[in-house]
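Here is the structure we will look at.
Protein chains: 2
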Amino acid sequence: MEDGGRASAVDGMVQHIRGLIRDRGMTVGDVLPSEGELAVMFDASRNTVREAFRTLKAYGVAESRQKVGAVLTDQHQTAMRDLFSFAMDISVDAFRDIQGYRRLTEMNLFDLLDGRISKDTLSEMDALNASIGKATTPEEASDLDFQFHRLMVEAAGNRTLSETYGMLKPVIRRLMLAGKSQRLALEGVVAEHADIVQALRKADRIAFVYHMNRHLDAGLEFIPTAGRGDAGSNTGMEEGR
Amino acid sequence: MEDGGRASAVDGMVQHIRGLIRDRGMTVGDVLPSEGELAVMFDASRNTVREAFRTLKAYGVAESRQKVGAVLTDQHQTAMRDLFSFAMDISVDAFRDIQGYRRLTEMNLFDLLDGRISKDTLSEMDALNASIGKATTPEEASDLDFQFHRLMVEAAGNRTLSETYGMLKPVIRRLMLAGKSQRLALEGVVAEHADIVQALRKADRIAFVYHMNRHLDAGLEFIPTAGRGDAGSNTGMEEGR
DNA sequence: CAACCTCTTATGTTGGACATATAAATCTGC
DNA sequence: GCAGATTTATATGTCCAACATAAGAGGTTG
């Protein structure tokens, strides 16, 4: 009944499994029947069941451990992050907008940070910033750069904000990677970071906004204005793997 | 450290394909190499490639047609809807996450809107808001509610923001649907909207944040707090497509 | 030129095979 | 009798080979 005509076997299997979850009222932690059981249960190949599971895993709903089976999880947050970062890969030219988005959030951080951020955190930011200057590869530099900003965002103590920043992580890191190969630009970044930290120390709102704005603008310099100027030669990527 | 760990072959394949998309600068409409080609290209089984494709399909990034192959698509909206509709089967607090995301974005909108939003847009928002009060069905009301918020988000002129909001549309609308059946709540929404528009007219940052916060909080009132409350009200999501 | 037919190609699905991880059962030494 | 080591059983992870099916490509015929 639920099979809508041209639905593929694995789509049907997804629905079947979903129905199973509903009917049994399963929640996080419960384990689904094994692939083999589901295969015979709904008369399909184990491979079909596996492909269906892939969908569940992509949605962050299930996660399979060997010997145990597939257990229901609550990872939709992560799934959302992946979905977004994937979407960004496709709909290109989003870089400028992303930077605008960062401006939206990070430049407004001051009110949250002021009086809340600890001296330790500020020192930590200093330390991170220093190591950026010593980074040997662009990847390392952009990674540290991201850590610097993330630290600041985390210090705001807003869970949603932190999660969103994590969600955009791959995109932001990619954004940061641009231009990091030039020593000069790297030094500029470090200097700007220092200004930002100092503004926080002095609790100087104007200075914070000024330097943050400048910093985010500078990050845009190395982004091609439009289309696909992608050199593509340096892409070591391999974030997961 | 989150993306490292044990990488299965298909996870690796997902990354490979993703890298391919990036390196070739592929966008919507382009077709990926065939399963067989990818299999030999990255030295894996065709089945592994297929499972990787399942992930892409789940994210709404690709869609495969026979003979042609897998073409890149832009179905994130549908993917998001499915993701949440699925997550709702497991746990309810998926809604809270979204509302948190809205708080992050919409409450920070002010700086982007201030000075940029036109009088016409504000009038349009007023008109929309008025029609919410006249809506006869909860569906109509929540639809108009969404339009109201979308109009405001669009006025910010940030593409990523707009796209994100569009992606979340089905979820947000469903979120808005809750509580809309009560006349009283509906009137509250209209009043809050009016406050928000007025804050924008007066370019009053404090008022904007205050009313927006209040508004978003109110929206959460009708969402069951936790666990498997299973109010039965969420059965509306049918799988068909 | 258009309608029809065949051919080729790539996906969709299946069954079976083997490797690997791991919970559970069994065995060992004290 | 029990803690720790070892084996066993089971379910996932990956691969291969095969066939079915859909759909574009191209040729044939009226």
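Top to bottom, those sequences are chains A and B.
Letter by letter, the first sequence follows residues 822 to 1062 of our numbering.
Letter by letter, the second sequence follows residues 822 to 1062 of our numbering.
Backbone N, C-alpha and C define an ideal beta-carbon position, used for all residues, glycine too.
Under 9 Å between C-beta atoms of residue i and residue j
i: residue 935 (chain B); j: residue 1028 (chain B); result: no
i: residue 988 (chain B); j: residue 897 (chain B); result: yes
i: residue 868 (chain B); j: residue 868 (chain A); result: yes
i: residue 965 (chain A); j: residue 977 (chain A); result: no
i: residue 802 (chain B); j: residue 894 (chain B); result: Since the first residue of chain B shown is 822 and the last is 1062, residue 802 (chain B) is not available in this structure.
i: residue 1004 (chain B); j: residue 986 (chain B); result: no
i: residue 1041 (chain B); j: residue 916 (chain B); result: yes
i: residue 1032 (chain B); j: residue 1013 (chain B); result: yes
i: residue 947 (chain B); j: residue 1015 (chain B); result: yes
i: residue 856 (chain A); j: residue 871 (chain B); result: no
i: residue 865 (chain B); j: residue 830 (chain B); result: yes
i: residue 1002 (chain B); j: residue 959 (chain B); result: yes
8 Å Cβ shell around residue i - same chain, five flanking residues per side excluded
i: residue 1037 (chain A); result: 920, 923, 924, 927, 928
i: residue 889 (chain A); result: 852
i: residue 918 (chain B); result: none
i: residue 1061 (chain B); result: Reliability fails at residue 1061 (chain B), whose pLDDT of 37 lies under 50, so the model's placement of it is uncertain and no value is given.
i: residue 1018 (chain A); result: 943, 946, 947, 950
i: residue 1034 (chain B); result: 924, 928
Chain-ordered chain B contacts of residue i [CB-CB under 8 Å]
i: residue 880 (chain A); result: 879, 903, 904, 907, 908
i: residue 843 (chain A); result: 910
i: residue 1078 (chain A); result: One cannot answer for residue 1078 (chain A) here, as it falls past the ends of chain A, which runs 822 to 1062.
i: residue 982 (chain A); result: 925
Integer-rounded CB distance, given that residue j should sit under 8 Å from residue i
i: residue 891 (chain A); j: residue 874 (chain A); result: 6 Å
i: residue 908 (chain B); j: residue 882 (chain A); result: 6 Å
i: residue 990 (chain B); j: residue 969 (chain B); result: No, residue 990 (chain B) and residue 969 (chain B) are not in contact; Cβ-Cβ is about 13 Å, not under 8 Å.
i: residue 954 (chain B); j: residue 1011 (chain B); result: 5 Å
i: residue 963 (chain A); j: residue 994 (chain A); result: 6 Å
i: residue 886 (chain A); j: residue 910 (chain B); result: Rounded, the Cβ-Cβ distance is 21 Å, inconsistent with contact.
Contact set between residue i and chain A, taken where Cβ atoms lie within less than 8 Å
i: residue 872 (chain B); result: 871, 872, 875
i: residue 865 (chain B); result: Under the 8 Å cutoff, chain A gives no residues; its nearest Cβ is about 13 Å from residue 865 (chain B).
i: residue 979 (chain B); result: 918, 921, 922, 925
i: residue 950 (chain B); result: Ordered by position in chain A, no residue passes the 8 Å Cβ test against residue 950 (chain B), which lies about 24 Å from the chain.
i: residue 787 (chain B); result: Given a span of 822 to 1062 for chain B in the structure shown, any question on residue 787 (chain B) remains unanswerable.
Chain A contact residues for residue i, given Cβ-Cβ distances below 9 Å
i: residue 1025 (chain B); result: Here the premise fails: no neighbours, minimum Cβ distance about 16 Å.
i: residue 932 (chain B); result: 924, 925, 928, 929
Proximal chain A residues relative to residue i, where beta-carbon distance stays under 7 Å
i: residue 868 (chain B); result: 868
Nonlocal neighbours in the same chain, by C-beta distance under 6 Å from residue i, ignoring five residues either side
i: residue 837 (chain B); result: 863
i: residue 1059 (chain A); result: Confidence at residue 1059 (chain A) is low in this model, with a pLDDT of 34, below 50, so its placement is unreliable and no value can be given for it.
i: residue 930 (chain B); result: 977
i: residue 1026 (chain B); result: 931
i: residue 859 (chain A); result: 870
i: residue 861 (chain B); result: none
i: residue 1043 (chain B); result: 999, 1000
i: residue 1057 (chain A); result: Annotation note: pLDDT 29 at residue 1057 (chain A) (below 50); position unreliable, no value reported.
i: residue 902 (chain B); result: 991
i: residue 1048 (chain A); result: Only weak support exists for where residue 1048 (chain A) lies, its pLDDT of 35 falling under 50; the value from the coordinates is given anyway. None.
i: residue 833 (chain B); result: none
Contacts that residue i makes with chain B (C-beta to C-beta distance below 9 Å)
i: residue 1036 (chain A); result: Per Cβ cutoff of 9 Å: no residues; residue 1036 (chain A) is ~17 Å from chain B at best.
i: residue 895 (chain A); result: 908, 911, 912, 914, 915
Close beta carbons around residue i, own chain, < 7 Å, minus the five adjacent residues each side
i: residue 1021 (chain B); result: 934, 938, 943, 1029
i: residue 982 (chain B); result: 926, 974
i: residue 945 (chain A); result: 972
i: residue 1054 (chain A); result: Any reading at residue 1054 (chain A) needs caution, since the residue's pLDDT is 27, under 50, leaving its predicted position unreliable; the model's value is listed next. Closer than 7 Å at Cβ, skipping near neighbours: no residue.
i: residue 979 (chain A); result: 933
i: residue 1050 (chain A); result: Summary for residue 1050 (chain A): the model assigns pLDDT 32, below 50, so the residue's position carries little reliability, and this model does not support an answer.
Problem set entry | Contact the stretch 849–862 of chain B vs the stretch 840–851 of chain A: 3+ CB pairs below 8 Å | No, the stretch 849–862 of chain B does not touch the stretch 840–851 of chain A.
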